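There are 2 protein chains.
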Amino acid sequence: MKIASWNVNSIRTRLEHVLDWLYTQSIDVLCLQETKVIDEDFPKASFEEEGYQVYVSGQKAYNGVALISRTTLSEVSSGFTPLLGPDLTQHYDQQKRLITGIISPGVRILNLYVPNGSEIDSDKYVYKLEWLELLHHYVEKLLSQDPQHLLICGDFNIALDDRDMHDPSKREAHIMSTDRERQALQKVLALGLEDVFRKFNSKSEQFSWWNYRAGSFQRNKGWRIDHHYLTPTLYEQATACTIDAAPRRLPKPSDHAPVVVEIDTQNL
Amino acid sequence: MKIASWNVNSIRTRLEHVLDWLYTQSIDVLCLQETKVIDEDFPKASFEEEGYQVYVSGQKAYNGVALISRTTLSEVSSGFTPLLGPDLTQHYDQQKRLITGIISPGVRILNLYVPNGSEIDSDKYVYKLEWLELLHHYVEKLLSQDPQHLLICGDFNIALDDRDMHDPSKREAHIMSTDRERQALQKVLALGLEDVFRKFNSKSEQFSWWNYRAGSFQRNKGWRIDHHYLTPTLYEQATACTIDAAPRRLPKPSDHAPVVVEIDTQNL
DNA sequence: GCTTAGACCG
DNA sequence: CGGTCTAAGC
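Residue numbers (full-length UniProt numbering), protein chains in the order written: chain A, 1 to 268; chain B, 1 to 268.
The following block contains the structure:
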């Protein structure tokens, strides 16, 4: 089973890229971030015509996530509120950054768009850290339901270690690589999740995002900020995890490349 | 010799359309309107590489005209001021709507983008009528220099008679066809100029502009507002005048089609 | 750089 | 409807 995560930076602008890639790669579950569209304007029909189910949680202009699956999805929900209640979460759920559902072999997929954080110590940076703290509570609850069948993927806007950024010397000066961001994410992962990309590839300079500016892609000045995290049983059954840079070479690309994980579901 | 007029609605957006059409039609002189670009950002090199001279008079975002010629251009100038002096014209020359030059067989080309007028009796409608009054003085001066070798072309934003609009019953209710606009243009033409399109074609519904909205082009709900006006000697030597609707069918077209006049220059 | 939105123009 | 611009977000 192939599960992909892709920050598309507007699904309406990138629709043809996404449809073409989805079919040629025969993806089973596609997790999109930064769809940048309200739910009623999401181009659902284009996916449904090809046999996919589509669940969206979007807003105007910013953020927005979608879960697109060839297999039936159940228990789909979006935002922190369904699990954590409205008291803590109402404010954070105004931004549409989280959607989840269970796919047919009983695996829960959690698709995230972690806040960018803008600049270190800015209000948005604080919001990012608070959001990751909420995520910790949320994942804890999910794991209490089933500690072995959770896959979390998305745009984390965090480079987990120094191999995941092109200039690690600037680590503490740059958003996405500060200790506080890394630790906030590590606290979530400590609940029992592992970065499956590193099961297959320990090299540095394996990036999933390149700034549009200054020929960053051509010079491979990027960041690996799009991840798949798996609980131990799923991690064991993973057979591959790859970043596909091909769509990033197309005209008018998203700034992110899709990341695909393959899982052998026979023994689940 | 083939002389074309085309309102391109942004030369930067339409550059490929214009270059392709220019070469395939082997146009000698191309008069552009609504280039929508400041002079330093006009893509001159694209035309110069193919052996054309380029003269521009543009501004940011609005208006803008260009004269692009395979034969040498002389006495090029833009705006009313060079002929009429600054007193009356300074205000009107802030909008870049007029460029002129003499092409090699001694024919003066005057390329115009007449104001649209917005709504009847609006400030912009008054401006349009005043601009046409200034044009009358300007053309009078040009003809005093040479009454026989003047070609005026461009987007006139006026349907000269009822054949030139799809719904003549709305004539007085619609900008571009009110009596005051027609009379202001007729006053210029009375100096000794004739609409050369009507030398070859007296049919109605021969349009050069179709609104982008409501499928106007598909239903041929258009207007003939792009014209070539010739002094008698040139008029006699004209061998064809055609509107080429083909570029209007392309993806992301200009709302105007180019209009081409062919003149036999042997006897000039 | 490339996306969005809203405003203005035609 | 489609071009421009500005201002914001990443």
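Glycine included, each C-beta is placed from N, C-alpha and C at the ideal position.
None of these values were measured; they are calculated from a predicted model.
The continuous alpha helix (DSSP H) containing Leu143 (chain A) extends over residues Asp123 to Gln145. DSSP places Thr242 (chain B) in the strand class (E or B) of the three-state scheme.
Around the C-beta of Leu22 (chain B), 16 or more other C-beta atoms lie within 10 Å, and the residue is accordingly described as buried. Per DSSP, Arg108 (chain B) is one residue of the beta strand (DSSP E) stretching across Val107 to Tyr113. Between Ile68 (chain A) and Tyr52 (chain A), the CB-CB gap stays under 9 Å. Residue pairing by DSSP places Met1 (chain B) in no beta bridge whatsoever. DSSP places Ile120 (chain B) in the coil class of the three-state scheme, outside both helix and strand.
The beta carbon of Phe200 (chain B) sits closer than 7 Å to the beta carbons of Ala240 and Cys241 from its chain, once the five residues preceding and following it are set aside; these are given in chain order.
Apart from the 5 residues on each side of it in sequence, Ile152 (chain A) sits with its Cβ closer than 6 Å to the Cβ of Leu110 and Tyr229 in its chain, given in chain order.
Thr100 (chain A) sits buried, since 16 or more C-beta atoms from the chains shown fall within 10 Å of its C-beta.
Taking 9 Å as the cut-off, the beta carbon of Pro232 (chain A) is found no closer than this to the beta carbon of Asp244 (chain A). The C-alpha of Asn63 (chain B) is placed about 54 Å away from the C-alpha of Leu73 (chain A). Nearest C-alpha to Ile263 (chain A) among A:Ser46, A:Gln94 and A:Val29: A:Val29.
The beta carbons of Leu234 (chain B) and His136 (chain B) sit about 20 Å from each other, so the pair does not count as a contact at 8 Å. Residue pairing from DSSP places Gln53 (chain A) in a beta bridge opposite A:Ser69. CA-CA distance, Val188 (chain B) to Val139 (chain B), rounds to 7 Å.
Secondary structure at Ile152 (chain A): strand, using DSSP grouped into helix, strand and coil. The beta carbon of Trp209 (chain B) sits closer than 7 Å to the beta carbons of Gly222, Trp223, Ile225, Asp226, Asp255 and His256 from its chain, once the five residues preceding and following it are set aside; these are given in chain order. For the pair Glu48 (chain A) and Val8 (chain A), the Cα-to-Cα distance works out to about 18 Å. Annotated three-state conformation of Leu268 (chain B) is coil, per DSSP. Only residues of its own chain outside the window of five on either side were considered, and among them Val139, Leu150, Ile152, Tyr229, Leu230 and Thr231 have a CB closer than 8 Å to the CB of Leu193 (chain A), listed in chain order.
Under the three-state reduction of DSSP output, His227 (chain A) falls in the strand class. Here DSSP, grouped into helix, strand and coil, assigns Ser74 (chain B) to strand.
Just measuring C-alpha positions, the residue of B:Pro253, B:Tyr113 and B:Ala238 sitting nearest Val107 (chain B) is B:Ala238. Under DSSP, the beta-bridge partners assigned to Val29 (chain B) are B:Ile3 and B:Ser69.
If you compare the alpha carbons of B:Phe42, B:Gln218 and B:Asn267 with that of Leu250 (chain B), the shortest gap goes to B:Gln218. Rounded to the nearest whole angstrom, the CA to CA distance from Tyr113 (chain B) to Lys36 (chain B) is 12 Å. Taking the CA atoms as reference points, Leu98 (chain B) sits about 57 Å from Asp164 (chain A).
In the structure shown, the three-state DSSP call for Val188 (chain B) is helix.
Listed in chain order, the non-local C-beta contacts of Asn220 (chain A) below 8 Å within the same chain comprise His166, Glu205, Phe207 and Trp210, local neighbours out to five positions each way being set aside. The DSSP-derived three-state label of Thr100 (chain B) is strand.
Nearest to Thr81 (chain A) by alpha-carbon distance, out of A:Ser118, A:Leu142 and A:Glu236, is A:Leu142. Rounded to whole angstroms, Val18 (chain B) and Val18 (chain A) show a C-alpha spacing of 31 Å. The Cβ atoms of Thr71 (chain B) and Met1 (chain B) lie closer than 9 Å to each other.
A direct Cα-Cα distance of roughly 24 Å separates Leu268 (chain B) from Val54 (chain B). With respect to the C-alpha of Asp195 (chain A), the residue from A:Gln33, A:Gly117 and A:Asp161 having the closest C-alpha is A:Asp161.
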